[in-house]
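Before any comments, here is the structure.
Right, dumping it as structure tokens:
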């Protein structure tokens, strides 16, 4: 079954049969904290759903595919049969359309899931749009990333350690707590001495700790 033929060539659907979705995904760091957002409306422009989820530490392309998969899942669960999707990810759109190969081993399973879900619909179309035409979905994706970034960090108790690791459902975030610098003893008054066979001899029987730099001045 072709996924991208004109809708009338597969079914005799009317415009009222179609729902429309804008989806977007993002990652701050790529990979980094990531999330997706999507807006779904009916044929008259009335909102049906807003989807937004924090994904943890993922790549930008993983987040883009996650947004599409969420839209497809919502569509199928709510028994809609015709879906038009707009995304600002040219890579994902052209991979779904079959114009680009899916070489990434991380993206291929997501592409296969998307194809399987698309096959359950009677009509499906996907198109690329520039980011400024996908503002609502982009805002929801950023809200998801903001939520993930604002989650409180739970620190495991380690009484004598200054290096601690958070625990939780997402990849651990390492936090380095500041360590108070050790106080060094006050520097003594200037010491005097002389060199003998290449060795510094300190007058008065004083000794220098290891690691001290000295400045030798001829007198």
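Residue numbers (this note's numbering): 1007 to 1225.
Beta carbons are placed, not taken as given, at the ideal position from N, Cα and C, and that holds for glycine.
From this set, the options, which residue's C-alpha is nearest residue i's C-alpha?
i            : options                : result
residue 1080 : 1045, 1095, 1109, 1040 : 1045
residue 1071 : 1083, 1042, 1149       : 1042
residue 1020 : 1089, 1060, 1058, 1074 : 1089
residue 1023 : 1096, 1104, 1127       : 1127
residue 1067 : 1028, 1124, 1155, 1093 : 1093
residue 1248 : 1149, 1106, 1102       : The structure shown does not extend to residue 1248, since the chain spans only 1007 to 1225, so no value can be given for it.
residue 1028 : 1207, 1156, 1136       : 1136
Do you know offhand how far residue i's Cα is from residue j's?
i            : j            : result
residue 1051 : residue 1036 : 33 angstroms
residue 1154 : residue 1130 : 32 angstroms
residue 1069 : residue 1095 : 10 angstroms
residue 1142 : residue 1053 : 12 angstroms
residue 1117 : residue 1083 : 19 angstroms
residue 1106 : residue 1098 : 9 angstroms
residue 1104 : residue 1139 : 23 angstroms
Tell me the DSSP bridge mates of residue i?
i            : result
residue 1138 : Bridge partners of residue 1138: none, in fact.
residue 1027 : 1046, 1091
Give every residue of the same chain whose Cβ lies closer than 8 angstroms to the Cβ of residue i, excluding the five residues on either side of it in the sequence, and list them in chain order.
i            : result
residue 1065 : 1033, 1036, 1037, 1040, 1112
residue 1025 : 1046, 1047, 1048, 1049, 1054, 1081, 1086, 1088, 1089, 1090
Pop quiz: residue i and residue j are said to be a contact at Cβ under 8 angstroms. What is the actual Cβ separation, rounded to whole angstroms?
i            : j            : result
residue 1059 : residue 1076 : 7 angstroms
residue 1074 : residue 1120 : 6 angstroms
residue 1152 : residue 1030 : About 14 angstroms separates the two Cβ atoms, so there is no contact after all.
Skipping 5 residues on each side, what residues in its chain have a beta carbon closer than 7 angstroms to that of residue i?
i            : result
residue 1150 : 1041, 1042, 1043, 1058, 1059, 1060
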